[in-house]
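What follows is a set of notes on a single structure, which appears directly below.
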Ligand code: UDP
Ligand code: MG
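Numbering (our numbering), first residue to last: 3 to 142.
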């Protein structure tokens, strides 16, 4: 059965451009409840660890530098079918391919600087939420 939580980050490009409010509004309007949230900044080491699965990909170094370049917003979101529905809401990795009405279509500037992260499975949603939040920091 599909889980009811996913993990997101508003990435440094979107924070820098003052898109936090607009993105959170799209998230709320789509029916997601915010159950944990933090304005924070990843160290280079934390970004390396978070994106470890991509370590062999050619864009890894650039991704790590970028994700540790400025503050982010990390959050845990709750909704039925959260992972799949949130991936639909954020749209394709490359904003040029993202559908109309998606967060990346509205706010992303490029395939790398693409405004938001969304977990790709229930298992990763749990791992990624635990990376940023202690159980007592999540209020359902
Ligand atoms: N990324 C990149 N170049 C690529 C593919 C991905 O810079 O060719 C970055 C981008 O920021 C993306 C992240 O690496 O969001 C993780 O890649 P993934 O394929 O998991 O995309 P996502 O799940 O975020 O859509
Ligand atoms: Mg991914």
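Ideal placement from N, C-alpha and C gives every residue a C-beta, glycine not left out.
Item                                                                                                                                                                                        : Value
Using a Cβ-Cβ cut-off of 8 Å (strictly less than) and excluding sequence neighbours within five positions of residue 61, which residues of its own chain qualify?                           : 114
What span of residues does the beta strand (DSSP E) with residue 129 cover, start to end?                                                                                                   : Per DSSP, residue 129 belongs to no beta strand (DSSP E); it is in the alpha helix (DSSP H), 124-134.
Residue 50 to residue 95, Cα distance in whole Å?                                                                                                                                           : 19 Å
Indicate whether the contact test is met: 3 or more Cβ pairs, each with one atom in the stretch 59-75 and one in the stretch 15-24, closer than 8 Å.                                        : yes
By DSSP, does residue 80 sit in helix, in strand, or in coil?                                                                                                                               : strand
Give every residue of the same chain whose Cβ lies closer than 6 Å to the Cβ of residue 89, excluding the five residues on either side of it in the sequence, and list them in chain order. : 120
For residue 86, which residues from the same chain have a beta carbon less than 8 Å from its beta carbon, with the 5 sequence-adjacent residues on both sides left out?                     : 4
For residue 59, count neighbouring Cβ atoms within 10 angstroms of its own Cβ and tell me buried if that reaches 16, exposed if not.                                                        : exposed
Among the residues of its own chain, which have a CB less than 8 Å from the CB of residue 135, if the five just before and after it don't count?                                            : 38, 40, 76, 78
Closer than 8 Å by C-beta to residue 43: which residues in its own chain qualify, once you throw out the five before and the five after it? Chain order, please.                            : 70, 72, 73, 74
Does the Cβ of residue 96 lie closer than 8 Å to at least one heavy atom of the ligand NAD?                                                                                                 : Among the ligands modelled here, namely the ligand UDP and the ligand MG, the ligand NAD does not occur.
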